[in-house]
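Asks: Residue numbers (our numbering), protein chains in the order written: chain V, 5 to 332; chain G, 4 to 264; chain L, 54 to 413. For each residue, glycine too, the CB sits at the ideal point set by N, CA and C.
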Amino acid sequence: MSYDASARQERGTVAAHASDRTFWGRLASWAPYRALVQVATASPRRQFVILAVFPILWVLTQHLGPMLQMLRVSLTDAYPVAANVEQHFTFDNYVRFFGDSIFWMPFFRTLIFAAAFTFCTLVLTYPVAYFLARHVSPKNRMLLLLLLLIPFWVGEIVRTYAIMILLGNTGAVNMVLRWFGLIDRPIPFMYTSFSMGVGIVYLTALYMLLPLYSALEKLPKSLNEAAADLGAGAWTRFRRVTLPLTLEGISSGCTLVFLISTGFYATPVLLGGPSTTVFAETIAGFFHVAGDEWPTGAAFAVIMFLAALAITAGFQRLMSALRKGDTK
Amino acid sequence: MTRHNRILLSCFYWGFVAYVFVPLILMVTMGFKDSKFIGFPIKSWTLDWYASVFADSETISAFGYSVAIAVLSTLISVVVGTWIAVLLEGRKFWGRAAIFGMTVLPALIPGIISAIAFRIYARYLGIEPGMGAIVWSHAVHNVPFVVLVVMARLSTLPKSQIEAARDLGADPLIAFLRITFPYLVPAIMGASIFCLLLSFDDFVRSFFLGGYEPTLPVLIFAKLKSGMSPEINAIATVALILTAVIGVWAERFTRRMNKDS
Amino acid sequence: MANDPLVRLEGVTKRFGETTALDNLTLDIAQGEFVTFLGPSGCGKSTTLRILGGFEQPTAGRVLLRGEDVTRRPPEKRNVNMVFQDYALFPHMTVKQNIAFGLELKGMGKAEIARRQDEIMSFLELTAYGDRYPAQLSGGQRQRVALARALAPDPALLLLDEPLGALDAKLRGQVQQELKSIQRRTNKTFFFVTHDQEEALTMSDRIVVMNKGRVEQDGTPEELYFHPASRFVAEFIGETNLLTGELRGTEGDAVVMDWFGTTLRGHAPGGVPRAGAPITASVRLERLGFHAERPATANAVQGRVTGKTFLGSRMALDLTVEEAQGARLRAYVDADTGQSVGDAPVWIGWDQSSMAVLRD
Numbered sequence: 005m006s007y008d009a010s011a012r013q014e015r016g017t018v019a020a021h022a023s024d025r026t027f028w029g030r031l032a033s034w035a036p037y038r039a040l041v042q043v044a045t046a047s048p049r050r051q052f053v054i055l056a057v058f059p060i061l062w063v064l065t066q067h068l069g070p071m072l073q074m075l076r077v078s079l080t081d082a083y084p085v086a087a088n089v090e091q092h093f094t095f096d097n098y099v100r101f102f103g104d105s106i107f108w109m110p111f112f113r114t115l116i117f118a119a120a121f122t123f124c125t126l127v128l129t130y131p132v133a134y135f136l137a138r139h140v141s142p143k144n145r146m147l148l149l150l151l152l153l154i155p156f157w158v159g160e161i162v163r164t165y166a167i168m169i170l171l172g173n174t175g176a177v178n179m180v181l182r183w184f185g186l187i188d189r190p191i192p193f194m195y196t197s198f199s200m201g202v203g204i205v206y207l208t209a210l211y212m213l214l215p216l217y218s219a220l221e222k223l224p225k226s227l228n229e230a231a232a233d234l235g236a237g238a239w240t241r242f243r244r245v246t247l248p249l250t251l252e253g254i255s256s257g258c259t260l261v262f263l264i265s266t267g268f269y270a271t272p273v274l275l276g277g278p279s280t281t282v283f284a285e286t287i288a289g290f291f292h293v294a295g296d297e298w299p300t301g302a303a304f305a306v307i308m309f310l311a312a313l314a315i316t317a318g319f320q321r322l323m324s325a326l327r328k329g330d331t332k
Numbered sequence: 004m005t006r007h008n009r010i011l012l013s014c015f016y017w018g019f020v021a022y023v024f025v026p027l028i029l030m031v032t033m034g035f036k037d038s039k040f041i042g043f044p045i046k047s048w049t050l051d052w053y054a055s056v057f058a059d060s061e062t063i064s065a066f067g068y069s070v071a072i073a074v075l076s077t078l079i080s081v082v083v084g085t086w087i088a089v090l091l092e093g094r095k096f097w098g099r100a101a102i103f104g105m106t107v108l109p110a111l112i113p114g115i116i117s118a119i120a121f122r123i124y125a126r127y128l129g130i131e132p133g134m135g136a137i138v139w140s141h142a143v144h145n146v147p148f149v150v151l152v153v154m155a156r157l158s159t160l161p162k163s164q165i166e167a168a169r170d171l172g173a174d175p176l177i178a179f180l181r182i183t184f185p186y187l188v189p190a191i192m193g194a195s196i197f198c199l200l201l202s203f204d205d206f207v208r209s210f211f212l213g214g215y216e217p218t219l220p221v222l223i224f225a226k227l228k229s230g231m232s233p234e235i236n237a238i239a240t241v242a243l244i245l246t247a248v249i250g251v252w253a254e255r256f257t258r259r260m261n262k263d264s
Numbered sequence: 054m055a056n057d058p059l060v061r062l063e064g065v066t067k068r069f070g071e072t073t074a075l076d077n078l079t080l081d082i083a084q085g086e087f088v089t090f091l092g093p094s095g096c097g098k099s100t101t102l103r104i105l106g107g108f109e110q111p112t113a114g115r116v117l118l119r120g121e122d123v124t125r126r127p128p129e130k131r132n133v134n135m136v137f138q139d140y141a142l143f144p145h146m147t148v149k150q151n152i153a154f155g156l157e158l159k160g161m162g163k164a165e166i167a168r169r170q171d172e173i174m175s176f177l178e179l180t181a182y183g184d185r186y187p188a189q190l191s192g193g194q195r196q197r198v199a200l201a202r203a204l205a206p207d208p209a210l211l212l213l214d215e216p217l218g219a220l221d222a223k224l225r226g227q228v229q230q231e232l233k234s235i236q237r238r239t240n241k242t243f244f245f246v247t248h249d250q251e252e253a254l255t256m257s258d259r260i261v262v263m264n265k266g267r268v269e270q271d272g273t274p275e276e277l278y279f280h281p282a283s284r285f286v287a288e289f290i291g292e293t294n295l296l297t298g299e300l301r302g303t304e305g306d307a308v309v310m311d312w313f314g315t316t317l318r319g320h321a322p323g324g325v326p327r328a329g330a331p332i333t334a335s336v337r338l339e340r341l342g343f344h345a346e347r348p349a350t351a352n353a354v355q356g357r358v359t360g361k362t363f364l365g366s367r368m369a370l371d372l373t374v375e376e377a378q379g380a381r382l383r384a385y386v387d388a389d390t391g392q393s394v395g396d397a398p399v400w401i402g403w404d405q406s407s408m409a410v411l412r413d
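In structure tokens:
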């Protein structure tokens, strides 16, 4: 292995000091390890296979597997399979969805709510991101951003509960309104789509804020100055320069928030009421109520996932079309 | 004009700060109310609710249960996520995009659907609802975050570092252990903390994959369904302080890491 | 074995997809040589280096080290070490630990490692910095650490990938001298890659000029400078006058060409070009002599000075040669000669050996 006569001599002295070697030296010259490495690195191809087998198996069985299994279960008539029962292939679970308004009403409500809450989140966080990226010195920027991040480390349930305390009949908002004499009887904010919206926006705002902030921060200030130089007013500058160039951030923020919003279960349960039942509650029902109806629940989950995917994919195409249109 | 905008926007910012902080502050405050009835105004104060929380074995054990789940699931996520990141970063091979897509999939699936899919798959794998199932679902769900953080760090490692190690006689494994891994440690630490918090805070997966023993969020949820009480505020406050402190520490840690590199 | 050169490249070709980075390179390197591969980026010099280091596998051809085929051997199994362009020092290890890295993996004992560390650190004047981290060192110190780390395992061949690129101009000159002297004292074979022709001329025993994956010329710095074989070499190294004319034929060693009606005699280090097509000859600026009378040199023309540029130690003269249809030449002269040349026509003379007729 060594081509140098002097190096070969050294290898002689090396053997004499074997016990004196460092950990890595011992490992590198330990025969079983060397044999192992020899086998494993015999070719770049083999090396790659050894590195790749576990991750590929993991993502196939653990990441994709659950989704595929859910799809499979959704197409059967019985799961978990009890003794003496035969499992059959069927589309009934999907057909069932369209048969009853008790199923598709919450479904459309969820999609509409999610879209509306996403829009609210966007409107609410855009100025915040804009302020941070444009009007704050880089030194303070991280500090002010960090300030906003702190509450988002707190869990979903705790934050939902905090909203309950804020909006309850004896909650802070009603108390303040009463103090100012604006009302004499508490406004029932809770268990409405309003309280749900406040809660969900509260939970998702960060996922909108961060993409918007990074899009705005990347935008060179000189662009705005150039536009101003050409005589564009503040509104025109925003509409013609800032907004088109942050469409990508808007697109990814909205996609993320929409997907997350459709998936909330505990928040609608705690903040919503009978008239605001969302699809997550419908799906969960099939897994909790006595008499397992897993295949139906699975089918409904598949419907919801596909709908959410279709909507976000459509939305992203729309946004990229808008982006392209603007550069023309 | 710009001045006006600036003032307007700064009002918006501080309004938003109020929106994210006030509910939490109110919730913490309510935990000190000397009455069983949740609501304002607060006339007298007490620490009794905290005393009862720390005396309550159910809460304490839920707390320990959540911590144990968080630690175990994080260990799995970090090992798997780092491995996937090392495979994906800076390598071109057939099917790479597909593997990357599958890698981030769990992070994009809406919560309830993810929980249902895990519930069904756990049954398929023969994992009983309980700690094992929760740990497994959290681990899978958190892998994408580890992969993204570690990949970002790995992409900044100059290729020459590994080449230099190989050049000096290190085989690929020793080069990884002595050069790549030490370089990744800050990212792995950051990702671990993130995973710990995600797992500790998770409700929907713990709820659908749990057995009889509740994790802390599941316990709070159950208590909330049977009525609000300042005791819940005390429990939530303890959880809040813990997560916020760890979160802030992690934030500082990752910022320091970014500065170093 | 004893007669084998240290390195032998046999028909080495490397393709990256459609592009050919290295085209059928055959070359020997002797023990103790300081060889520089010189060329613009993308000429194949770095690919050659990476193939020698084991970081790339040639598409075709063989690499022999002391007669042994190492073409398919990974870097860790070659007795070759490299100084990287960015030094690639391990940031989480001290200078000592960086140096020990290769020694440990050779399976050396701790005492032996310590001895070698001390030896190489005192040799490269790094003793005071042993416990510092790379981030705490200056550019020149880092460069020396990279050198120490690569030399410590006693490689048969040391590869240097533009290691001076990151240094500022002042330091670079000093380090060039240092590198050359280290190479002499260790009697190691250095394989140096650079795009900086001045650097190559200063340090090398031998320069291989590369262009588009092929060797343009292979020789000593003097050969390359005064006797360029091709237009590429003449232009890439130093400044030169390019004279375009027609080939008349050969007279013994001399190649005779017609330059706008004037007959010139040169030599052809790159081989005599084909007759008929226009040919180019190169004369270095400092090889032009000035005379009041027609000189006895092989070539003499009369010209007029049209411009003078003072360059400190010397002066550049712009000349017009009326007998060659007003062709322009440029010459370096010492400041005194420059001052004395007036507006009157002067004789310009140069030797046959000062003019290289180029291959293309």
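#1: Look at the alpha carbon of residue 107(G) and the alpha carbon of residue 147(G), and state the distance between them as a whole number of angstroms.
#2: With H, G and I counted as helix, E and B as strand and the rest as coil, what does DSSP make of residue 61(G)?
#3: Since residue 142(G) is in the alpha helix (DSSP H), which residue starts that stretch and which ends it?
#4: Taking only beta-carbon atoms, is residue 66(V) less than 7 Å away from chain G?
#5: Using CA coordinates, which residue listed in 344(L), 164(L), 309(L) and 85(L) is at the minimum distance from residue 234(L)?
#6: With 16 other CB atoms within 10 Å as the buried threshold, where does residue 239(V) fall?
#7: Excluding the 5 residues preceding and the 5 following residue 5(V) in the sequence, name in chain order all residues of the same chain whose CB lies nearer than 8 Å to its CB.
#8: Are the Cβ atoms of residue 119(L) and residue 107(L) separated by less than 7 Å?
#9: Check whether the stretch 301-319 of chain L and the stretch 334-351 of chain L touch, using three or more Cβ-Cβ pairs below 8 Å as the test.
#10: Taking DSSP as the reference, what is the three-state secondary structure of residue 141(V)?
#11: How many Å lie between residue 168(G) and residue 155(L) at the Cα?
#12: Give me the chain V residues within the contact set of residue 174(L), using Cβ-Cβ distance strictly less than 8 Å, ordered along the chain.
#13: If you draw a straight line from the alpha carbon of residue 89(L) to that of residue 139(L), how long is it in whole angstroms?
#14: Using a Cβ cut-off of 8 Å, pull out every chain L residue sitting near residue 166(G), in sequence order please.
#15: Could you tell me which residues DSSP puts in a beta bridge with residue 67(L)?
#16: Do the stretch 185-203 of chain G and the stretch 74-83 of chain G meet, that is, are 3 or more Cβ pairs less than 8 Å apart?
#17: Any beta-carbon of chain L closer than 7 Å to the one on residue 24(V)?
#18: To the nearest angstrom, report how far apart residue 81(L) and residue 165(L) are at their CA atoms.
#19: What in chain C is Cβ-close to residue 32(V), meaning under 7 Å?
#20: In angstroms, rounded to a whole number, what distance separates the CA positions of residue 236(G) and residue 34(G)?
#21: Tell me the DSSP bridge mates of residue 369(L)?
#22: How many angstroms separate the CA atom of residue 10(V) from the CA atom of residue 179(G)?
#23: Let me know if residue 41(G) comes out buried or exposed under the rule of 16 or more other beta-carbons within 10 Å of its beta-carbon.
#24: Just how far apart, CA to CA, sit residue 112(L) and residue 123(L)?
#25: Determine which residues of the stretch 31-54 of chain V have a Cβ less than 8 Å from any Cβ of chain L, and write them out in chain order.
#26: Kindly identify the DSSP beta-bridge partner or partners of residue 60(L).
#27: Under a three-way DSSP split, which group does residue 162(L) fall into?
#28: Does residue 62(V) have its Cβ less than 7 Å from a Cβ in chain G?
#29: Please compile the residues from chain G whose C-beta is within a distance smaller than 8 Å of the C-beta of residue 145(L).
#30: Just to confirm the assignment, what range does the beta strand (DSSP E) spanning residue 267(L) have?
#31: Over the uninterrupted beta strand (DSSP E) stretch that includes residue 259(L), give me the two end residues.
#32: With DSSP as the reference, label residue 311(L) as helix, strand or coil.
#33: Is there at least one non-hydrogen atom of the ligand SAH closer than 6 Å to the beta-carbon of residue 88(G)?
#34: At a cut of 8 Å, does the stretch 169-177 of chain V reach the stretch 214-226 of chain V through at least three beta carbon pairs?
#35: For residue 90(L), which residues does DSSP report across the bridge?
#36: Tell me where the alpha helix (DSSP H) around residue 285(V) begins and ends.
Replies: Result, derived from the coordinates:
#1: 5 Å
#2: helix
#3: 134-157
#4: yes
#5: 85(L)
#6: exposed
#7: Any reading at residue 5(V) must be qualified, since the residue scores a pLDDT of 33, below 50, and its modelled position is unreliable; the value itself is stated next. Closer than 8 Å at Cβ, skipping near neighbours: no residue.
#8: no
#9: yes
#10: coil
#11: 8 Å
#12: Going along chain V, no residue has its Cβ under 8 Å from residue 174(L), so there is no contact; the nearest lies around 18 Å.
#13: 18 Å
#14: 106, 108, 128, 135, 137 and 141
#15: 75(L)
#16: yes
#17: yes
#18: 34 Å
#19: The structure shown contains no chain C; the protein chains it does contain are V, G and L.
#20: 5 Å
#21: 362(L) and 385(L)
#22: Confidence is the limiting factor: at residue 10(V) the pLDDT is only 44, short of 50, which leaves the residue's position unreliable, though a coordinate-based value still follows. In a straight line, the C-alpha of residue 10(V) is about 30 Å away from that of residue 179(G).
#23: buried
#24: 14 Å
#25: 32, 33 and 45
#26: 82(L) and 118(L)
#27: strand
#28: yes
#29: 185 and 186
#30: 267-272
#31: 259-264
#32: strand
#33: The ligand SAH is not part of this structure, which contains no ligands at all.
#34: no
#35: 246(L) and 261(L)
#36: 283-292
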